[in-house]
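Visitor: Provided herewith is a single structure, encoded as structure tokens, for subsequent inquiry.
Protein chains: 4
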Amino acid sequence: MAPRRLRIGVAGLGRMGKRHAMNFSQSVPRAELVAVSTPDASERQWAEIHLGPSGVSVYANYEDMLRHEGLEAVCIASVTSVHADQAIRGIAAGKHVLCEKPLATTAEVSQSVVDAAARRPDLKVMCGFSRRFDDSYRDAHAKVEAGLIGRPSVIRSQTCDVLDPSGFFVAYAQFSGGIFVDCSIHDIDLAQWFFGEDSKVQSVSAVGITAVEPGLREYDDRDNAVGVIEYADGRIAYLYCSRMMAAGQEDSTEIIGTHGKLTVNLIPQENLVRIYEPGGIRHELPQNYYGRFKNAFAREAVEFTDCCLDDIEVPVKLASAVTAVRIGAALQQSMISGEKVRFDNAGEGAERAHL
Amino acid sequence: MAPRRLRIGVAGLGRMGKRHAMNFSQSVPRAELVAVSTPDASERQWAEIHLGPSGVSVYANYEDMLRHEGLEAVCIASVTSVHADQAIRGIAAGKHVLCEKPLATTAEVSQSVVDAAARRPDLKVMCGFSRRFDDSYRDAHAKVEAGLIGRPSVIRSQTCDVLDPSGFFVAYAQFSGGIFVDCSIHDIDLAQWFFGEDSKVQSVSAVGITAVEPGLREYDDRDNAVGVIEYADGRIAYLYCSRMMAAGQEDSTEIIGTHGKLTVNLIPQENLVRIYEPGGIRHELPQNYYGRFKNAFAREAVEFTDCCLDDIEVPVKLASAVTAVRIGAALQQSMISGEKVRFDNAGEGAERAHL
Amino acid sequence: MAPRRLRIGVAGLGRMGKRHAMNFSQSVPRAELVAVSTPDASERQWAEIHLGPSGVSVYANYEDMLRHEGLEAVCIASVTSVHADQAIRGIAAGKHVLCEKPLATTAEVSQSVVDAAARRPDLKVMCGFSRRFDDSYRDAHAKVEAGLIGRPSVIRSQTCDVLDPSGFFVAYAQFSGGIFVDCSIHDIDLAQWFFGEDSKVQSVSAVGITAVEPGLREYDDRDNAVGVIEYADGRIAYLYCSRMMAAGQEDSTEIIGTHGKLTVNLIPQENLVRIYEPGGIRHELPQNYYGRFKNAFAREAVEFTDCCLDDIEVPVKLASAVTAVRIGAALQQSMISGEKVRFDNAGEGAERAHL
Amino acid sequence: MAPRRLRIGVAGLGRMGKRHAMNFSQSVPRAELVAVSTPDASERQWAEIHLGPSGVSVYANYEDMLRHEGLEAVCIASVTSVHADQAIRGIAAGKHVLCEKPLATTAEVSQSVVDAAARRPDLKVMCGFSRRFDDSYRDAHAKVEAGLIGRPSVIRSQTCDVLDPSGFFVAYAQFSGGIFVDCSIHDIDLAQWFFGEDSKVQSVSAVGITAVEPGLREYDDRDNAVGVIEYADGRIAYLYCSRMMAAGQEDSTEIIGTHGKLTVNLIPQENLVRIYEPGGIRHELPQNYYGRFKNAFAREAVEFTDCCLDDIEVPVKLASAVTAVRIGAALQQSMISGEKVRFDNAGEGAERAHL
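Residue numbers (UniProt numbering), protein chains in the order written: chain A, 1 to 355; chain B, 1 to 355; chain C, 1 to 355; chain D, 1 to 355.
So, in structure tokens, the structure goes:
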């Protein structure tokens with residue numbers, strides 16, 4: 001009598017992996033978290049404590065999890081460097097795949113996931129661009145589609161993390177693909193979404209500094225950067241990414257059209273409380289990306305589950321994830337080289353050999 | 001292997017009933033909606049379409065639903081006038097009860113529910129003061145408990161509905177108990193929560209007008225009203241309730257302490273989108289109470305379910321619901337009589353015979 | 001060739017007096033501050049230093065200042081208890097008079113100023129309700145007049161001062177007329193302005209507490225109070241006044257109409273700067289009434305000067321000042337007595353003997 | 001006895017000229033507007049009506065105005081193309097000079113004004129960067145100087161005008177120097193002010209589009225543009241300028257430091273009124289640059305007057321105006337050429353021959 005539930009496993013139990021696992025465990029009535037996998041012993045210990053009592057199987061090895069009886073889908077939240085490989089192996093094993101962004105740190109490797117998915121049209125494969133599931137971004141997108149602001153012409157968008165003085169981001173830079181691929185990829189995806197998925201990039205340029213983490217230079221990364229994307233049809237997206245925010249996570253977007261403008265989260269807020277005290281009026285902010293987008297992550301999980309169970313198309317095309325990586329990697333390259341990167345007519349970086 | 005789920009039924013499928021039913025059906029992984037009941041044929045038809053496919057049984061009669069095999073709990077969302085009776089019958093049948101506010105329109109009848117619950121300490125019985133489950137109110141309460149603003153001394157709170165030109169509120173006034181019992185009861189409950197559940201009221205006074213709905217006078221009701229509650233220990237709560245808002249639902253609260261102030265939702269917002277257009281910058285508002293508090297309703301359902309399954313105390317004491325009705329009814333009385341209503345030392349209205 | 005300038009003197013050099021003197025000296029091109037008077041020796045010393053070099057004569061005695069050769073107008077900023085007497089003597093001496101609010105702490109004495117002014121229609125006599133000269137209040141009033149919100153039906157307005165732990169407000173309470181006459185008189189005047197100058201009050205009621213300054217009780221005053229004004233034509237104004245704000249001066253107003261609502265200064269701000277820091281986003285507030293309304297005070301001085309020089313009617317009718325005191329004193333009476341004060345048909349307090 | 005007043009003349013009575021003239025006439029007690037000059041007959045007619053009655057002499061010819069008896073200072077508000085020439089002639093005639101920005105559209109011509117001023121150290125010569133006189137920018141600057149946000153590392157700043165569908169900006173583009181010189185020069189000046197006047201630019205790059213005014217291309221201009229300035233000491237300023245805003249003038253600035261961030265005017269507002277109506281909550285914006293900065297213009301005039309009368313140094317160094325033009329012109333060049341412009345070690349554009 002009870003409706004059928006999607007049996008899903010989560011790969012990777014780092015910060016995002018734990019959240020995905022808890023989400024599928026507690027917030028997605030149509031899904032049943034049946035397995036998790038992680039090579040990290042302490043993460044497996046966490047899983048035994050928090051998920052074991054609900055009957056979730058805990059694997060050290062991703063391949064073993066793929067063989068879990070009855071498993072239908074996987075959510076990949078491992079380190080970025082194995083995203084593509086795990087996605088392709090999941091597809092090969094006949095599982096639906098929800099993969100954390102980015103698919104990979106290069107367009108070429110990202111494309112290999114798209115190619116694998118193309119060979120299995122029966123499976124649902126989606127890259128998790130969480131903002132596309134956020135109420136506010138969806139409302140803004142619907143308003144743009146309805147013509148409220150005329151032709152969207154300029155987008156300003158930023159992904160700015162709280163300063164983490166522990167040095168985390170230096171270590172993380174080895175694998176992240178760089179700040180434009182790790183952070184700005186969300187903003188790049190938004191630009192594609194708002195301007196049109198098939199918008200052609202003409203050039204990108206970027207500059208970056210290390211205001212607080214000089215150690216990032218060793219990995220060709222920066223802690224604050226500004227990037228500009230020129231589109232072939234006379235539009236501009238300009239981006240700011242940072243690891244240095246004092247007050248909280250600041251992910252803001254402006255979509256500027258010929259007849260109006262929309263902003264999303266221009267002044268971030270944790271909730272609706274305001275504090276009046278000596279010194280003024282104050283409000284708190286989400287302290288990380290998940291704090292800002294937790295409802296979006298839940299909805300992403302719910303909708304992905306619905307797509308798998310009801311065999312409907314996933315709301316974010318997988319090819320978008322390749323485009324976003326291509327642009328992000330080009331920005332990263334421009335930031336390091338100091339040179340503008342021009343794209344050829346096919347919308348691919350002319351100097352894409354560098355990517 | 002799958003964890004046990006609470007089998008619950010929803011009584012009443014009006015505006016709030018539908019929402020409760022969908023909530024328990026889709027947003028509470030540990031609950032299973034197994035039955036609904038409503039005397040209204042069109043509401044039953046809605047249920048057959050939206051809930052039938054998931055195996056939910058649809059009853060015309062509340063008693064029949066109570067006899068549904070395996071039913072463990074009921075959520076009562078019927079018209080206010082039957083809240084108390086259905087709650088008492090649910091308790092008598094050995095079901096956990098989550099009852100929409102108010103328990104009744106008089107303190108005496110409300111008390112009868114408390115008495116019934118007292119005879120069945122094994123059951124969870126809770127009145128749904130939804131704001132207590134809202135993230136922002138909870139954050140504010142935690143900050144007050146932590147001493148952030150010193151001693152809370154003055155509370156301003158309002159519950160203001162959008163203007164409904166259909167005449168709905170006139171018809172509704174026959175059963176609602178009046179604007180202070182229907183709307184301000186939330187604000188009264190907040191005052192008790194922030195000032196302390198055992199705070200003693202000294203007097204209440206109120207004034208009201210009919211700015212848009214003169215027909216309300218026939219039912220001794222008003223469309224805009226201001227009430228003032230004096231507490232015996234030198235505190236004040238002052239309330240505004242209205243059925244006349246143009247922009248959206250406006251439920252705002254200020255808690256003013258000796259060292260600071262907190263506001264909750266001082267400027268309501270639907271989401272984080274802002275619209276720039278000729279005429280200025282604009283943002284949309286929730287259009288009704290549920291729009292503002294939908295996350296709170298979901299959390300209320302989740303937590304009530306947890307309490308039932310795990311046998312833990314419900315987070316809102318049932319007695320609070322009686323106090324809130326007593327104060328609300330006294331405000332309503334004062335608004336109509338034009339006289340201040342004084343409470344005796346026991347915290348009960350001296351003129352409570354009128355209530 | 002240079003245009004003629006109004007020769008004006010300022011009486012009283014306390015906090016507001018100093019500001020008025022500096023205003024007329026520096027911000028009103030068409031006025032020339034020629035004299036000041038104060039019985040306080042230290043205030044005269046301040047004047048010798050700050051105004052003497054500009055040729056301003058400093059008097060210990062108000063009568064002597066009135067005899068200053070060529071003096072055309074006086075601005076009265078002395079303690080409230082001498083406002084009316086100085087105003088009447090200024091009128092008798094043939095001077096235009098700009099008098100700080102309130103004219104007096106009783107309606108009767110206030111009326112005596114109106115009577116004196118009526119005998120000299122050639123003179124400009126105005127009570128300084130500064131908010132009427134504030135850009136934002138004027139914009140709101142123009143929008144209401146234009147019908148933007150339908151019929152204004154409910155006004156919420158507050159005048160809330162920063163906590164001054166020095167005990168200043170206790171000493172001040174002896175002369176101020178009480179918190180409703182001293183603070184809320186601005187809000188009362190706004191209600192009259194927005195509802196119509198000839199609006200008839202039906203009743204007022206008020207409650208008050210001493211949350212931080214119990215010493216105020218000796219002078220029948222309170223540090224936090226809420227007042228409600230019922231109008232005969234079905235409108236309500238409700239007011240909050242406080243001496244206990246932590247963050248800054250909070251003078252907010254809402255005008256709620258049948259088709260919309262306007263707010264003025266709902267979230268106070270010192271300027272357009274926002275501070276992002278650990279703990280959140282913060283902004284500063286004006287720390288006192290003058291900080292909020294300094295532009296309004298300057299404009300008040302400019303417009304009063306224009307009225308005198310160009311013989312045009314003053315923008316605030318003097319009779320309004322009597323009405324405001326009548327209502328304020330009735331609220332103060334209600335707060336102390338605990339009884340509602342009802343007004344008779346002529347719009348005067350039925351129990352006005354008490355005032 | 002009345003204090004001495006500075007006798008000043010205003011050159012040019014276009015939009016800004018009229019405002020400067022009214023300012024000196026009405027808002028600067030220590031100044032006396034004695035003359036104006038403009039080659040435009042209709043502007044002279046306006047002056048006869050509005051300024052003639054106050055005794056202001058109206059000239060068709062700037063040289064004639066310079067010979068006005070007793071004239072001590074000039075405010076130059078003519079078209080940009082004559083700024084430098086009029087300033088140099090004013091200096092030669094021994095007049096203090098307040099010149100509207102920019103001094104010229106090239107750094108070379110701007111420098112000629114600095115050179116002329118250097119030969120007359122007895123005169124006050126200032127370029128009117130109005131934002132430096134704005135309360136909010138000054139407060140932000142003081143906070144940065146006090147170390148509130150650590151080391152300022154990234155500045156985002158924009159100057160965005162309301163869409164003017166009349167074609168005004170196309171005609172204006174012939175003389176304005178382009179959008180970066182005309183609009184962003186304020187933001188460039190702010191970057192220099194916040195980062196330090198002697199900050200060295202390493203490179204600038206820019207992109208631009210014509211979203212609404214293709215006619216601008218004829219004059220090598222754009223209606224929306226983004227520019228990025230790299231500083232040699234590891235800082236970034238990024239700028240947006242637009243002629244296409246729907247809601248009003250949007251001049252916002254963020255100063256991002258290693259320990260915090262300040263924003264100025266992130267959400268523009270005309271005043272403190274908020275409008276609640278079907279569709280949401282709305283507030284109006286200033287409709288042009290002057291609306292946003294009128295208080296700053298008044299203060300600029302007051303302070304310039306004080307400097308002249310009291311022989312104190314002007315608050316904005318004249319050399320800053322050359323730096324700002326150099327950077328603005330390089331951005332404009334980059335936008336048109338599509339190439340990054342690199343500056344040599346002396347902080348001057350390596351390719352400055354192009355400017």
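Every residue gets a Cβ at the ideal spot worked out from N, C-alpha and C, and that includes glycine. Just so we're clear, the structure is a prediction, and the values are computed from it rather than from any experiment.
1. Counting C-beta neighbours from all protein chains within 10 Å, is the total for D:S157 16 or more, i.e. buried, or is it exposed?
2. Give me the DSSP bridge partner(s) of A:M335.
3. Take D:K261 and list the residues in its own chain whose beta-carbon comes closer than 8 Å to its own, dropping the five residues that flank it on each side.
4. My understanding is that B:L71 touches B:G12, with C-beta atoms under 8 Å, so please give their C-beta distance in whole angstroms.
5. Return the residues of the region 305 to 335 of chain D that lie within a Cβ-Cβ distance of less than 8 Å from chain C, sorted by chain order.
6. Name the DSSP bridge partner or partners of A:E277?
7. Chain A partners of C:R131, CB-CB under 8 Å?
8. Consider the Cβ of D:Q249: report whether some Cβ of chain G lies at a distance smaller than 8 Å.
9. Is DSSP giving C:R7 helix, strand or coil here?
10. In angstroms, rounded to a whole number, what distance separates the CA positions of C:D122 and C:Q174?
11. Go to B:S110, then tell me how far its alpha helix (DSSP H) extends in each direction, as first and last residue.
12. Residues of chain D with a CB under 8 Å from the CB of B:I256: which are they?
13. When DSSP labels each residue in this structure, what does A:C75 get in the three-state scheme?
14. If you measure between the beta carbons of B:S334 and B:V204, is that distance less than 8 Å?
15. Does the structure place the region 321 to 332 of chain A close enough to the region 25 to 38 of chain A that three or more beta carbon pairs sit under 8 Å?
16. Taking a contact to mean a Cβ-Cβ separation below 8 Å, would you say A:I91 touches A:H83 in this structure?
17. Below 8 Å on the Cβ atoms is my contact criterion, and I expect C:S199 with C:Q192 to pass it. Report the Cβ-Cβ distance as a whole number of Å.
18. Using a Cβ cut-off of 7 Å, which residues of the region 269 to 297 of chain C contact any Cβ in chain A, in chain order?
19. Output needed for D:D220: all residues of its chain with C-beta closer than 8 Å, excluding positions within five of it in sequence on either side, in chain order.
20. May I ask you to list the residues that DSSP assigns as paired with C:G227?
21. Name, please, each residue of chain B whose Cβ falls closer than 7 Å to the Cβ of D:A246.
22. Show which residues of chain B have a CB atom less than 9 Å away from the CB atom of A:G260.
23. Should C:P102 be labelled buried (16 or more other beta-carbon atoms within 10 Å of its own) or exposed?
24. Skipping 5 residues on each side, what residues in its chain have a beta carbon closer than 7 Å to that of B:A21?
25. Assuming D:V154 is part of the beta strand (DSSP E), what are its boundary residues?
26. Within the 8 Å Cβ cut-off, does A:I188 reach chain D?
27. Reducing DSSP to helix, strand and coil, say where B:A104 ends up.
28. Grouping DSSP H, G and I as helix and E and B as strand, with all else coil, what is D:V97?
29. Using 8 Å as the limit for Cβ to Cβ distance, is C:R156 near chain B?
30. CB C:H96 to CB C:C308, shorter than 8 Å?
31. When we look at the beta-carbon of A:M16 and count the other beta-carbons within 10 Å, is it buried (16 or more) or exposed?
32. Any beta carbon of chain A sitting closer than 8 Å to that of B:D221?
33. Quick check on the DSSP output: the beta strand (DSSP E) that includes B:E48 runs from which residue to which?
34. Quick check: the Cα distance between C:T38 and D:R243, rounded to an integer number of angstroms?
35. For A:F24 and A:E303, what's the separation of their Cα atoms in angstroms?
36. Thinking just about the alpha-carbon of each residue, which of A:G147, A:S54 and A:E48 is nearest to the one in B:R4?
Guide: Taking the coordinates as given:
1. buried
2. Bridge partners of A:M335: none, in fact.
3. So the qualifying residues of the chain are I149, E254 and I255.
4. That belief does not hold up - the Cβ atoms of B:L71 and B:G12 are roughly 16 Å apart, past 8 Å.
5. none
6. In the DSSP output, where bridge partners are listed per residue, A:E277 has A:G280.
7. Result: empty, since nearest Cβ-Cβ is about 21 Å, beyond 8 Å.
8. The chain labelled as chain G is not found among the protein chains of the depicted structure, namely A, B, C and D.
9. strand
10. 35 Å
11. A107 to A118
12. Around B:I256, no beta-carbon contact reaches into chain D at under 8 Å, the shortest distance being about 21 Å.
13. strand
14. Yes, Cβ-Cβ distance for B:S334 and B:V204 is below 8 Å.
15. no
16. The answer is no: Cβ separation not under 8 Å.
17. Contact check for C:S199 and C:Q192: beta-carbon distance about 6 Å, within the 8 Å limit, so the pair qualifies.
18. Y276, E277, P278, G279, G280, I281, R282, H283, E284 and L285
19. G178, Q332 and I336
20. C:A206 and C:L239
21. Y276, E277 and P278
22. I275, Y276, E277 and P278
23. buried
24. Hits under 7 Å: V10, L13, L33, V36 and L51.
25. P152 to V162
26. For A:I188, the answer is no, since every Cβ of chain D falls outside 8 Å of its Cβ.
27. coil
28. strand
29. Residue-level contact check: C:R156 touches chain B, since one or more beta carbons of chain B fall below 8 Å from its beta carbon.
30. yes
31. buried
32. Against chain A, the CB of B:D221 has no partner CB under 8 Å away; the residue lies outside that interface.
33. Note, B:E48: premise wrong, no beta strand (DSSP E); alpha helix (DSSP H) at A41 to H50.
34. So the two alpha carbons sit approximately 55 Å from each other.
35. C-alpha separation (whole angstroms): 11 Å.
36. Nearest of A:G147, A:S54 and A:E48 to B:R4, Cα basis: A:S54.
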